[in-house]
Each structure stands twice: as structure tokens, then as C-alpha cells.
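Residue numbers (full-length UniProt numbering): 1 to 628. Virtual Cβ for every residue (Gly too), placed ideally from N, Cα, C.
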């Protein structure tokens, strides 16, 4: 680990010097002199005396340097079979026009704009337009329920909401406008205007005096395009809401300066993707992955980014990803492990891949859920390229642990996201806040200060920021994930700390049991939850989904799986109950809703999370969860 170790050590021993050097990756209006302001710790601020414009760095500077004809963004829709390539020059023109239109609607520096759009170019245009004029965008995943959308509108208090008439799913069209109208009825805060993109699949009814057509607004904006507005490096770029335990969502704040530097450093060093490369993040702009690696990082780097409107299966089949890679000569793909589990379930032999030329693909990156070794091996064998697990969170904005393909590729250990990324001082702590020996599980934490690009606080809630992340162990950010470091310094993330169950005094990781279940050749994906038990405190229960075409007696398979866990982990695991089910409930970003499953199994009736992908899957699972 020569280059990695030298870079990592310097980032921890001399963080100000390290991040001073990386500041050269972006163009500043006022260059930073002071790198880190620690005067209000734990509210650290990076580049406190500098100013810049994030949109200029993502678009204008590439055009100024003669790369206006390079493709910036490709919109590929699996629903109409069309793709559209937008150059840097054209994207800049569209963004400046919409930014000008926002200014005409009274949006200025520091004002908020809520963006409620599907995976269409207008989503990226709206985000960048806000950045151009110093407004703060808050993207809400298209299709969120009215109550959840209303809460976010009340918290962000936007001057303008940008939306579309509908989003498209494999089996249905979701009309956004009725959802938005209901949300605005419920919300106490009322925006000045709603800008609506009409789509041919569903035309929305406009509200006189409030709603404006996207095309009309763009025509007005083209007559008065906006120039870039100077903002402080510490000014907010966006708010991204993540679910909170109190029911009130937490507004993760991202600043302009540290965010731009961190993402500009991350794409070439972590992902091995540089200027002119074709990069595809198969996610949604509503998630942090979409913010960081569909929109900002690739454009800051000068790469071509793919904006894909479709699914890994069902649009039209499990060959959809291979088709996109082949059509656009994708160099690297980043998606969630659940996407590959879905592909593996539908096409376990990988036959559909043979129909496409995917030779351009050099690396597959997975994140969002733990990559179990079975999924890793299946993806690796199918593609014949390195499969890189990496780990990060909405709050961190970019990877905490990864195998740095651009800095120094390392040996891959299936089940591990490899090593801490430069800037992230990762420690594994016990209940007393003491570091644990290699191989011992504990709480994964990051020593403060967090590097540039991480959240500096929560929107209008410094107190909750400290209580949620910084109060468990003094001087540390609590990730909420548990795991361990091995003797080589590789990190293993075994799941959320509330997924560590206590069975008769033994603390057991449900992630470890899931890893064993996933090894079975009949299993496509699985989940293990801890269910309350009067005698032992908690007992693990397993749920498995079979690969397509597998026909096994459920009772016989359950016995095999129980024995497999016993052989791998030992009798202490106490896993005796495994159910074969048709599907597992997930969020739209691919995370399995283990907490909701656990609450149902414990006899509660939790509200269906607004982030759920398909509520029918959860409903079908309720009898199995409540059994026993």
C-alpha cells in the first residue's frame, strides 16, 4: 500500500496541508488562505475565507477550456427506448436559462428551491441552475407521498417548487401533480410558484396564478440567462432529507467549497474515472448517490454522466444494464448490490449478458447495502472485471471506505469495502469509546474533524446534529454502522448497530448470518432480523428469496440453511427459523427495510415508510413475519 498509505497518512497527520493541495482541483473566485476553521468545534468549516461557484466548476470552466462539444450528460430512457446526448455547451445554455428564469421568479442567493422530478435532464438542470445563482436546492425523490413531501416543504420553505406531471415505472405511470397538490394543501408554507414539466405520458392540470409551464419559463429564461453568482465556500449548496427517528426528517446540509473539492478528488482517485470518460451511476437524483455521482462529481471532473430512467429488471428484462453499458461504452458502473441481486434472480446463469458487447466496462462499484460474497462472485464471474464494494452515507456525501482504483488498486477481499479513504480517520470503538483489537466488532466511528464534503450540520438544527452524530463518543462521528477491522486494515461493515442482536447475552451480527445464507446456491437475496423473545431476549429469523427457476421444498431448504449457519457461525447463532418468501421490502435506493420487518414481527403495526419501493411486497410478507 505505498501510494495509498502515504496519501492516507498525510491526510490524517497534516489535514490542512493535504486539503490545501486538493483545493487546486477547483476554480476559486477568492482562493482559500485559511483551510480549516476549528474555532467553533465540533462545527468545523473548510475553506472559510474562500468563494467560488459550483455551477461554474461543473460547466462553464469546461466550455471556457474548449471542451464545450464534449458530451456532459446522456439521458437514456428504457420506457421510450430513446437516448439524448447533451454537450457541455448545451447543458450550460439550458442551466443558465433556467437559472435566469428562477431569478425572474424572485429566487436569489440563499433562497430554497424544492425539486420533485423523475430521472429526466430537467432534474440536473434545475439542480445546477440553483447552484448557479446561489440558491439552495432540496431534491425530493419523485413519487414521495404527500405527507412526506409536505414536511420537507415546511422545513425547507422554498420560494419555488419544480416538478413534472408524472414519473414512469415498469408497470405504471405515477402522476406527480396530484401528489404535489395534496402536499401543498397540507403544508403550512406556500411557495410563490410551481414550475411544471409536462410529460406525454400524463398531462397535469395547472393551478392559475401559481403553476407555470417549464417550456414557457425556459423561453423567458433564454432571453435573460443568469451569470454565476459568487458564494462563500461555507454557504449551503443543498439540503437532502434523510429519515429521522422522531418522524421529522433530518436535513443534511452540504456546503459549496468542501463539497466541490472532495468530489473533484474522489472520482479520479476512488473510481479511476477522469476527464472525457463515460461514467454511469445507476441510482436516482433523489438520493445522495445521485447528487454526488450522477450530477456533481462527473461534471466537476469533466466526464460524461449517464442519467438512466429505468430499472435493472423489467425494462424490459434482466439485460437492461448490459444494454446501457454497450450502447454508451460505459467505462465504470456504480449501483446498489440489490440491483445485481435482482439481475441474478431473473437470470442466474447470466445468459442475457452474452447478447451485448460490454468490453468497455473496466470496473463495477457497489454500495448502499453490504455486498455479500455470493453477489460479489456472481457479478465478478459474469463481467470479468473488478467488483468494488465501498461504503458511505447520506451524511458523508462521498466514500468513507473504498478500494481506491485511481490512486492504488488493492487486493479485493469479498465482503469488505477495503480500506479507509484519505481524509477519513476511521476507528472501531466499544461501548466505552475505546478502540477494539483487529477482528473485534464494535461501532464504526470517524474521528473529528470530518473531511471536506461531509455534512457540517443539519438544516436549522445544530442541536440535533450534535445529538444524532457526535454525542455517543466525544470527538467522534457515530456512523450508526457496526463492524470490524482486520489485521491488514480492511474494514468490514456488518450492518446498522441496531441490527446487532442480543441472544441470551451473546451479541450477534445479523449481517454475518446473512452472509452465510447468501452463500447457498438457491438463494438470490436474504435478510435476517432479531425478533423479541421472552426467554433469550431476541432470536434471529431468516427470510430468503430464491433464484429464478429454483424449485425446492421450503422445509428442506430451511433445514439446510439453518445447518449452514450452524456450521459457519456455530450453535450460538441460534438461527432456527428460515422462511422462503417471494420478495423483500426495500426502499427505492435498494435498502432492505429490516427495521419495519422487525417491528411487524414484534407485533407492532408500523406506518409503511414513504421510501418503500413496493408496498405490496411488505403486505405479502406480513403473514410470515407475524407467524410465531
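CB of residue 424 within 7 angstroms of CB of residue 493, strictly: Taking the first residue of the chain shown as position 1, residue 424 is located at position 424. Taking the first residue of the chain shown as position 1, residue 493 is located at position 493. With respect to the 7 angstroms criterion, residue 424 and residue 493 are not classified as neighbours on the basis of their beta carbons.
Opposing strand residues paired with residue 75 [DSSP bridges]: Here residue 75 refers to the residue found at position 75 of the chain shown. Partner(s): 84 and 307.
Sequence-distant residues of the same chain with beta carbon closer than 6 angstroms to residue 408, five excluded per side: As a first step, residue 408 must be located in the chain shown, where it is residue number 408. Within the same chain, residue 408 has close Cβ partners 3 and 4.
How big is the Cα-Cα spacing for residue 245 and residue 278? For the purposes of this step, residue 245 is taken as the residue at position 245 of the chain shown. For the purposes of this step, residue 278 is taken as the residue at position 278 of the chain shown. Since pLDDT at residue 245 reaches only 48, below the 50 mark, its modelled position is unreliable, and no value is offered.
Collapsed DSSP secondary structure at residue 171 in the structure displayed: Against the chain shown, residue 171 aligns to sequence position 171. Here residue 171 sits in coil by DSSP.
Less than 7 angstroms between C-beta atoms, sequence neighbours within five positions excluded: which residues of the same chain meet that for residue 103? Position 103 of the chain shown holds residue 103. Once the five neighbours on either side are set aside, the close Cβ partners of residue 103 are 133 and 226.
What are the boundary residues of the alpha helix (DSSP H) that includes residue 376? Locating residue 376 in the chain shown gives position 376, where the first residue counts as 1. DSSP places residue 376 inside the alpha helix (DSSP H), whose first and last residues are 373-383.
Tell me whether the beta-carbon of residue 164 lies closer than 7 angstroms to the beta-carbon of residue 118. For the purposes of this step, residue 164 is taken as the residue at position 164 of the chain shown. For the purposes of this step, residue 118 is taken as the residue at position 118 of the chain shown. Taking a C-beta distance under 7 angstroms as the contact criterion, residue 164 and residue 118 qualify as a contact pair.
Taking C-alpha atoms, which residue in 544, 62 and 560 lies nearest to residue 625? Numbered from its first residue, the chain shown carries residue 625 at position 625. Answer by Cα proximity: 544.
Cβ atoms of residue 590 and residue 368: under 7 angstroms apart, would you say? Along the chain shown, read from residue 1 onward, the residue named residue 368 stands at position 368. Along the chain shown, read from residue 1 onward, the residue named residue 590 stands at position 590. For residue 368 and residue 590, yes; Cβs fall inside 7 angstroms.
Please go through the same chain and pick out, in chain order, the residues whose beta-carbon is closer than 6 angstroms to the beta-carbon of residue 314, but skip the five residues on each side of it. As a first step, residue 314 must be located in the chain shown, where it is residue number 314. If you ignore the 5 residues before and after residue 314, its C-beta comes within less than 6 angstroms of the C-beta of 170, all in its own chain and listed in chain order.
Which same chain residues, not among the five before or five after residue 290, have their C-beta less than 6 angstroms away from its C-beta? If you number the chain shown from 1, residue 290 lands on position 290. These residues qualify, in order along the chain: 283 and 284.
Integer Cβ distance of residue 142 from residue 116, believed to fall under 8 angstroms: Taking the chain shown and counting its residues from 1, one reaches residue 142 at position 142. Taking the chain shown and counting its residues from 1, one reaches residue 116 at position 116. Contact flag correct, Cβ pair sits at about 6 angstroms.
Strand pairing of residue 242, partner residues [DSSP]: To locate residue 242, count along the chain shown from 1; it is residue 242. Residue 242 is bridged to 250.
Quick check on DSSP: helix, strand or coil for residue 3? Position 3 of the chain shown holds residue 3. Three-state DSSP puts residue 3 in a helix.
For residue 385, I'd like the list of residues in its chain whose CB is within less than 8 angstroms of its CB, leaving aside the five on either flank, ordered along the chain. As a working mapping, residue 385 is identified with position 385 in the chain shown. These residues qualify, in order along the chain: 361, 362, 363 and 364.
For residue 505, which residues of its own chain have a beta-carbon under 7 angstroms away from its beta-carbon, when the five flanking residues on both sides are left out? Counting from 1 along the chain shown, the entry for residue 505 is found at position 505. Note on residue 505: pLDDT 49, under 50, position unreliable in the model; the coordinate value appears next. Excluding positions up to five away in sequence, the list is empty.
What do you reckon, are the CB atoms on residue 389 and residue 515 nearer than 7 angstroms? Taking the first residue of the chain shown as position 1, residue 389 is located at position 389. Taking the first residue of the chain shown as position 1, residue 515 is located at position 515. No, the pair does not count as a contact, with Cβ atoms beyond the cut-off.
For residue 568, three-class secondary structure by DSSP: The residue given as residue 568 occupies position 568 in the chain shown. Helix, per DSSP.
Whole-angstrom distance between residue 70 and residue 261, CA atom to CA atom: Counting from one through the chain shown, the residue named residue 261 turns up at place 261. Counting from one through the chain shown, the residue named residue 70 turns up at place 70. So the two alpha carbons sit approximately 22 angstroms from each other.
Local Cβ density within 10 Å of residue 437, reported as buried at 16 or more and exposed below that: Counting from one through the chain shown, the residue named residue 437 turns up at place 437. Residue burial annotation: residue 437 is exposed, with fewer than 16 other C-beta atoms found within 10 angstroms of its C-beta.
Tell me, to the nearest whole angstrom, how far the beta carbon of residue 124 is from that of residue 295; I am working on the premise that it is less than 8 angstroms. Position 124 of the chain shown, counting from 1, holds the residue named residue 124. Position 295 of the chain shown, counting from 1, holds the residue named residue 295. Confirmed, about 5 angstroms.
Looking at C-beta atoms only, is the number of pairs between the region 84-101 and the region 206-226 that lie closer than 8 angstroms three or more? Three or more beta-carbon pairs drawn from the region 84-101 and the region 206-226 are found closer than 8 angstroms, and the two stretches are therefore classed as touching.
What number of angstroms, rounded off, separates the C-alpha of residue 67 from the C-alpha of residue 305? Mapped onto the chain shown, residue 67 falls at position 67. Mapped onto the chain shown, residue 305 falls at position 305. Cα to Cα, residue 67 sits roughly 15 angstroms from residue 305.
Just grab the DSSP bridge partners of residue 212 for me. Counting from 1 along the chain shown, the entry for residue 212 is found at position 212. According to DSSP, which records beta bridges pairwise, residue 212 is partnered with 195.
Does the separation of the CB atoms of residue 669 and residue 396 fall below 7 angstroms? The question about residue 669 has no answer, for the chain in this structure spans 1 to 628.
For residue 13, which of 584, 422, 178 and 160 has the nearest alpha-carbon? Within the chain shown, the letter at position 13 stands for residue 13. Nearest of 584, 422, 178 and 160 to residue 13, Cα basis: 422.
From what residue to what residue does the beta strand (DSSP E) around residue 579 run? Along the chain shown, one-based indexing puts residue 579 at 579. Segment 577-580, the beta strand (DSSP E) holding residue 579.
Beta-carbon proximity list for residue 618, same chain, < 6 angstroms, skipping 5 on both sides: As a first step, residue 618 is located in the chain shown; it is residue number 618 there, counting from the start. Within the same chain, residue 618 has close Cβ partners 585.
Just curious, the beta strand (DSSP E) that residue 137 is in, first and last residue? For the purposes of this step, residue 137 is taken as the residue at position 137 of the chain shown. Taken as a continuous stretch (DSSP letters only), the beta strand (DSSP E) holding residue 137 covers 136-139.
Considering only the alpha carbon of each residue, which of 232, 588 and 415 lies closest to residue 28? Along the chain shown, one-based indexing puts residue 28 at 28. When each option's Cα is compared against that of residue 28, the closest is 232.
Could you pull out every residue in the same chain whose Cβ sits closer than 7 angstroms to the Cβ of residue 612, ignoring the five residues on either side in sequence? One-based indexing of the chain shown puts residue 612 at position 612. If the five residues before and after residue 612 are omitted, its C-beta is found closer than 7 angstroms to the C-beta atoms of 585, 587, 593 and 618, all from its own chain and listed in chain order.
Quick check on the DSSP output: what are the complete beta strand (DSSP E) runs of length 3 or more inside the region 332-356, in order along the chain? Segments of the beta strand (DSSP E) lying fully in the region 332-356: 332-335.
I'd like to check one pair, residue 565 with residue 557: are the Cβ atoms closer than 7 angstroms? Position 557 of the chain shown, counted from the first residue, corresponds to residue 557. Position 565 of the chain shown, counted from the first residue, corresponds to residue 565. No, these two residues do not count as a Cβ contact at 7 angstroms.
Contacts around residue 10, its chain only, beta-carbon distance under 6 angstroms, and the 5 residues preceding and following it disregarded: If you number the chain shown from 1, residue 10 lands on position 10. Cβ within range, chain order: 18.
What does the alpha-carbon distance come out to for the pair residue 91 and residue 72? In the chain shown, counting from the first residue as 1, residue 91 sits at position 91. In the chain shown, counting from the first residue as 1, residue 72 sits at position 72. Each residue's alpha carbon lies about 7 angstroms from the other.
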